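Step one of this worksheet: look at the structure below.
There are 2 protein chains.
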Amino acid sequence: MDTSILSEKINRTLSTLRYGESPTELYEPIRYIMSLGGKRIRPLLVLLAAKLYDEDVEKALLPAAAVEVFHNFTLMHDDIMDKAPLRRGQQTVHEKWNSNIAILAGDVMLVRAYQLLLGVAPDKLQKVLELFSKTAAEVCEGQQLDMNFEQREQVSIQEYIQMITLKTAVLLGFSLELGAVLQGAPDTDAEHLQQFGNNVGIAFQLRDDLLDVYGDKDKFGKQIGGDILSDKKTFLMLTALEQASPKQLETIVSWRNKTEDATAEEKVKEVTAVYDQLGIRQQTEQEIDNYFQKALQHLDAVQVPKEAKVTIRTLAMQLMEREA
Amino acid sequence: MDTSILSEKINRTLSTLRYGESPTELYEPIRYIMSLGGKRIRPLLVLLAAKLYDEDVEKALLPAAAVEVFHNFTLMHDDIMDKAPLRRGQQTVHEKWNSNIAILAGDVMLVRAYQLLLGVAPDKLQKVLELFSKTAAEVCEGQQLDMNFEQREQVSIQEYIQMITLKTAVLLGFSLELGAVLQGAPDTDAEHLQQFGNNVGIAFQLRDDLLDVYGDKDKFGKQIGGDILSDKKTFLMLTALEQASPKQLETIVSWRNKTEDATAEEKVKEVTAVYDQLGIRQQTEQEIDNYFQKALQHLDAVQVPKEAKVTIRTLAMQLMEREA
Numbered sequence: 024m025d026t027s028i029l030s031e032k033i034n035r036t037l038s039t040l041r042y043g044e045s046p047t048e049l050y051e052p053i054r055y056i057m058s059l060g061g062k063r064i065r066p067l068l069v070l071l072a073a074k075l076y077d078e079d080v081e082k083a084l085l086p087a088a089a090v091e092v093f094h095n096f097t098l099m100h101d102d103i104m105d106k107a108p109l110r111r112g113q114q115t116v117h118e119k120w121n122s123n124i125a126i127l128a129g130d131v132m133l134v135r136a137y138q139l140l141l142g143v144a145p146d147k148l149q150k151v152l153e154l155f156s157k158t159a160a161e162v163c164e165g166q167q168l169d170m171n172f173e174q175r176e177q178v179s180i181q182e183y184i185q186m187i188t189l190k191t192a193v194l195l196g197f198s199l200e201l202g203a204v205l206q207g208a209p210d211t212d213a214e215h216l217q218q219f220g221n222n223v224g225i226a227f228q229l230r231d232d233l234l235d236v237y238g239d240k241d242k243f244g245k246q247i248g249g250d251i252l253s254d255k256k257t258f259l260m261l262t263a264l265e266q267a268s269p270k271q272l273e274t275i276v277s278w279r280n281k282t283e284d285a286t287a288e289e290k291v292k293e294v295t296a297v298y299d300q301l302g303i304r305q306q307t308e309q310e311i312d313n314y315f316q317k318a319l320q321h322l323d324a325v326q327v328p329k330e331a332k333v334t335i336r337t338l339a340m341q342l343m344e345r346e347a
Numbered sequence: 024m025d026t027s028i029l030s031e032k033i034n035r036t037l038s039t040l041r042y043g044e045s046p047t048e049l050y051e052p053i054r055y056i057m058s059l060g061g062k063r064i065r066p067l068l069v070l071l072a073a074k075l076y077d078e079d080v081e082k083a084l085l086p087a088a089a090v091e092v093f094h095n096f097t098l099m100h101d102d103i104m105d106k107a108p109l110r111r112g113q114q115t116v117h118e119k120w121n122s123n124i125a126i127l128a129g130d131v132m133l134v135r136a137y138q139l140l141l142g143v144a145p146d147k148l149q150k151v152l153e154l155f156s157k158t159a160a161e162v163c164e165g166q167q168l169d170m171n172f173e174q175r176e177q178v179s180i181q182e183y184i185q186m187i188t189l190k191t192a193v194l195l196g197f198s199l200e201l202g203a204v205l206q207g208a209p210d211t212d213a214e215h216l217q218q219f220g221n222n223v224g225i226a227f228q229l230r231d232d233l234l235d236v237y238g239d240k241d242k243f244g245k246q247i248g249g250d251i252l253s254d255k256k257t258f259l260m261l262t263a264l265e266q267a268s269p270k271q272l273e274t275i276v277s278w279r280n281k282t283e284d285a286t287a288e289e290k291v292k293e294v295t296a297v298y299d300q301l302g303i304r305q306q307t308e309q310e311i312d313n314y315f316q317k318a319l320q321h322l323d324a325v326q327v328p329k330e331a332k333v334t335i336r337t338l339a340m341q342l343m344e345r346e347a
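Residue numbers (the numbering used here), protein chains in the order written: chain A, 24 to 347; chain B, 24 to 347.
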């Protein structure tokens, strides 16, 4: 099945959303961030999961939009915390307006996300909101862990996986679960879909870490080695730190806190050389594959005909093979 | 009726709430702000309204707690925006930790407020969450207007009333409405109680403006004239600006942006003198009484025996006569 029809439905739904009018300072930033686009993967996952149980996905459209609004709320607040100047190549909200406006507009977006879920069938409302709230709190926990890890010397790989699970993966898992629950899928199916999404999400984030170092510069869209330059504790870096010889460790540590432009190229080159010596690329690819295989096992366990699951499987594979 | 039994129920309920454990950086600030106390007026209003329809208020306890958690979420985020160093005489969360933590802990509090409402009877859940979400967005709008007004030269009294309605009054109105809705009160009653709360809320905020200038220093707890010193556009100031003679206007304007400690006493004295000449105190008291009378009309219209409403009426009068 072609996902472009679903994507079009999502874009049409998002374009009809009304966030509010007055005061303009509060609502213009919401329209702005929602207009910056993005792949709209989360609402697509909602609809794809919904479609497994009912061809008619109309009643999943507003809930799908809710997930996208929630996701953009987290981006708006994360960008303040990370002092990010750009989002999808455009000024972030706190840069274009200011931090106070970004805090408050984000708060309203979280409320609007809940409101978009209130149209769910009454017999499913409580369950949907419980799952959503649990996920929302977990995403915040993930962001807090991410900030904590920046300040810490030592982070284990297990802790790192826990962080990206909360910060990124659980929302993908929730998206799929939501689509299933809305259409009255069996609980076990909904849970397998959620686990599928979680594992794809972890693999997706590891792929992100990998592309930062080993991506194709022309396709990646961002500077290669950005994570190395900013001393980010990615899966690659944490694995290297665990396995490095004293000499390799010295090389990595000697580059810490050196973020000057003048030595940027050399820093990326030398740290990448250590990665190469340790086979970090292959290890990361292996880890991505492990999570992806785990994801597929959960998808296989979902009790719908195999043919019906082809689109979701294909999308997941595309996410794994993406180069940007 | 004595409200202390209800207050005790509220405090007991609040003390049993569990916000989360890990990461500590996220949850400790929530426990901290909730431990700072406060009058807990909003949950008390929920229970008092609930009691009008059913002596048993047990099922209103968690929803009442939700309103208090929501209120403290707004305080946590407002304090960042207002760069407030103190809250209830203690360090604010962004001062004690940092702004990022205050943003994120606030976000989780908003989620927790929703979660506390999810136990509501299924047939009332959607309505309760719609009312709550509408109110939550309005409170954000009020905060945005408040920030806008700080930057603006001219603010009309009507705009000011609109701002305090959104920022302060609607949550009091919602608290009462919530209590009524939870116990299956007729819609007209719920709406009258909401209007009662709105009008009490406006009167309450105007009383706050009044106490800042004409309060008893020993009882008020804050510095007298704080609003004058910080050039805050209160009801008193806006009324004075509308009615001032050219000479009085000159006096007020000449003090703008002068916030030095050395001239603080003189500034408060001179601006207060203009207020005195214009009879601003009496006019504000008159306005407070107008809103309070309007509130009482709505309370009178609530279709329960008059005796049952005595406690709510008494509480409202105490709020009006408070000196701190």
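Think of the CB as a built atom: it goes at the ideal place given N, C-alpha and C, for glycine as much as any other residue. Keep in mind that this is a model prediction, so the values were computed, not measured.
Tell me the residue span of the alpha helix (DSSP H) that contains Ala339(B). In this chain, the alpha helix (DSSP H) harbouring Ala339(B) covers Val333 to Glu344.
Starting from the beta carbon of Tyr137(B), find every residue of chain A whose beta carbon is closer than 8 Å, and list them in chain order. Tyr137, Leu152 and Ser156
Among residues of its own chain, excluding the 5 on either side of Gln300(A), which ones have a beta-carbon nearer than 7 Å to its beta-carbon? Gln271
Answer yes if the region 153 to 163 of chain A comes into contact with the region 196 to 210 of chain A, meaning at least three C-beta pairs across the two stretches below 8 Å, and no otherwise. yes
Quick check on the DSSP output: the alpha helix (DSSP H) that includes Val178(A) runs from which residue to which? Val178(A) -> no alpha helix (DSSP H), and no H or E assigned at all.
Note down, in chain order, every chain A residue with its Cβ under 8 Å from the Cβ of His100(B). Ile126, Leu127 and Asp130
Quick one: residues in its chain with C-beta nearer than 8 Å to the C-beta of Thr188(B), no 5 flanking neighbours on either side, listed in chain order? Contacts found: Gly165, Asn221, Gly224 and Ile225.
Contact list for Pro145(B) against chain A, beta-carbon separation under 7 Å: Pro145 and Gln149
Gln228(B) and Thr191(B) - do their beta-carbons sit closer together than 8 Å? yes
So which residues of chain A does Gln167(B) contact, with C-beta pairs closer than 7 Å? The answer, in chain order, is Pro46, Glu48, Leu49 and Leu127.
Status (buried if at least 16 other CB within 10 Å, exposed otherwise) for Gln217(A): buried
Give the residues from the region 171 to 202 of chain A that approach chain B closer than 7 Å (Cβ to any Cβ), ordered along the chain. Asn171
Taking DSSP's pairing of strands, which residues face Gln114(A) in a bridge? Leu109(A)
Whole-angstrom distance between Asp77(A) and Glu330(A), CA atom to CA atom: Distance between the alpha carbons of Glu330(A) and Asp77(A): 14 Å.
Excluding the 5 residues preceding and the 5 following Thr295(B) in the sequence, name in chain order all residues of the same chain whose CB lies nearer than 8 Å to its CB. Val236, Gly248 and Ile251
Return the residue from the list Gln167(A), Asp210(A), Gly302(A) and Met260(A) that minimises the CA-CA distance to Lys147(A). Ranking Gln167(A), Asp210(A), Gly302(A) and Met260(A) by Cα distance to Lys147(A) puts Asp210(A) first.
Report buried or exposed for Leu234(B), applying the criterion of at least 16 other Cβ atoms within 10 angstroms of its Cβ. buried
Once DSSP output is grouped into helix, strand and coil, what is the label at Arg78(A)? According to the sequence as given, residue 78(A) is Glu; it is not Arg. DSSP places Glu78(A) in coil when its eight states are reduced to three.
Beta-carbon spacing of Ala89(A), Leu140(A) below 8 Å: yes
Cβ of Gly43(B) less than 8 Å from any chain A Cβ? yes
According to the neighbour-count rule (16 or more other Cβ atoms, all chains shown, within 10 Å of its Cβ), is Gly238(A) buried or exposed? buried
Asn123(A) at chain B interface by Cβ criterion, 8 Å: Yes, because at least one Cβ of chain B sits closer than 8 Å to the Cβ of Asn123(A).
Taking the Cβ atom as the reference point for each residue, do Met124(A) and Ile103(B) lie within a distance shorter than 8 Å? As written in the sequence, residue 124(A) is Ile, which differs from the Met given in the question. No, Cβ-Cβ distance for Ile124(A) and Ile103(B) is not below 8 Å.
Determine the DSSP secondary structure at Tyr183(B), reduced to helix, strand or coil. helix
Reducing DSSP to helix, strand and coil, say where Asn280(B) ends up. coil
Could you please give the first and the last residue of the uninterrupted alpha helix (DSSP H) stretch that includes Asp239(A)? Asp239(A) -> no alpha helix (DSSP H), and no H or E assigned at all.
By the three-class DSSP mapping on this structure, what secondary structure does Tyr55(B) have? Tyr55(B) falls in the helix class under three-state DSSP.
Among Arg304(B), Val333(B), Asp284(B) and Ala128(B), nearest to Thr26(B) - alpha-carbon criterion: Out of Arg304(B), Val333(B), Asp284(B) and Ala128(B), Val333(B) has the C-alpha closest to the C-alpha of Thr26(B).
For Ala287(A), the three-state DSSP class (helix, strand or coil): Of the three classes helix, strand and coil, the one that applies to Ala287(A) here is helix, per DSSP.
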